[in-house]
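Below is one structure, written out as structure tokens; the observations come after it.
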Amino acid sequence: MAREQQCRALANEGIRKQAAKDHAGAIPLYKQAIDLCPKLCPVLNNLGVAFENVGNRPQAKPWFEAALKCDPTNEQFKKNVAINQANLKPPQPPPQPPPPQPPVNRLDGVYEGWADRDGKHTSRYVATVTGSRIVMIAQNDAKKEPRVGVIRPTGDFVIQFRSMTYTGRIVGTQVTGTWTLRLSLFGGPPTIYTGGFTGSKVK
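And the structure:
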């Protein structure tokens, strides 16, 4: 009985110190009470609270857990354990922003138009621009062979396809340019044919 009275006296003194915001002073009193009476569940919890209030959350953890083990049905003890565990978790790093998307080439897209000679349409074409690559396909070509060239950021491009050269430029959504065809028969000097082409962006 004397030991129990001593435990309660120590615990009550600890409570008074905590009420006066002297949490550090309450800690040794609670420890003495627990050494004498290990089954005082509220005192175990109070010791955890005292450690929490002096900023020592890791040291509060075993006392909150001991209080809950002592009285598993106590809702306040459960809450204190959960809060302490949450506070001890390392802070999550802020989510990283998505990597910047590569800039979209303003020239990218599909263009359609006509090649002309002597002011008359001679062949319809479809050209696709992707980055620095331009691919033109003449629609009157039965094989639909791609005619590949390089386009500069300025919109200027050159396509060399066999004996034919396309030199053009894209401004905004409009395509303009010229073509040159060199044909040489039987080793003689080449016959040169020229014309133009125009078109516009369709998608």
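Adding 890 to a residue's 1-based position in the sequence shown gives its number in this note's numbering. C-beta: ideal position from N, C-alpha, C; glycine also.
Out of ILE905, ARG893, GLY999, TRP1069, point me to the one whose CA is closest to VAL842's CA.
Missing from the structure shown is residue 842; the chain here goes from 891 to 1093 and no further.
Any contact of the stretch 1003-1017 with the stretch 1080-1092, i.e. 3+ C-beta pairs under 8 Å?
-> yes
May I have the straight-line CA-CA distance separating LYS911 from GLN986, to the nearest angstrom?
For the purposes of this step, residue 911 is identified with residue 21 of the sequence shown, where counting begins at 1. For the purposes of this step, residue 986 is identified with residue 96 of the sequence shown, where counting begins at 1. Taking the straight line joining both Cα atoms gives about 41 Å.
message: Tell me the residue span of the beta strand (DSSP E) that contains GLN1029.
response: On the sequence shown, position 139 is the one that residue 1029 refers to. It is not in any beta strand (DSSP E) - GLN1029 carries neither H nor E in the DSSP assignment.
In the DSSP output, which residue or residues are listed as bridge partners for LEU1073? What you label residue 1073 is simply residue 183 of the sequence shown in a count that begins at 1. Answer is THR1081.
* Closest by CA to ILE1024, which one among HIS913, ASP998, ARG1007, GLU1035? -> If you number the sequence shown from 1, residue 1024 lands on position 134. Ranking the options by Cα distance to ILE1024, first place goes to ASP998.
contact_flag[the stretch 914-925, the stretch 935-948] where n(CB pairs < 8 Å) is 3 or more
yes
What are the start and end residues of each continuous alpha helix (DSSP H) run of 4 or more residues lying completely inside the stretch 958-1032, in chain order? 965-978
Cβ-based neighbour list, PHE1051, same chain, cut-off 6 Å, excluding 5 preceding and 5 following | If you number the sequence shown from 1, residue 1051 lands on position 161. So the list reads ARG1037, once near-sequence residues are dropped.
Would you list the residues sitting across from GLN1064 in a DSSP beta bridge?
Your numbering for residue 1064 matches position 174 in the sequence shown. Answer is VAL1061, SER1090, bridged to GLN1064.
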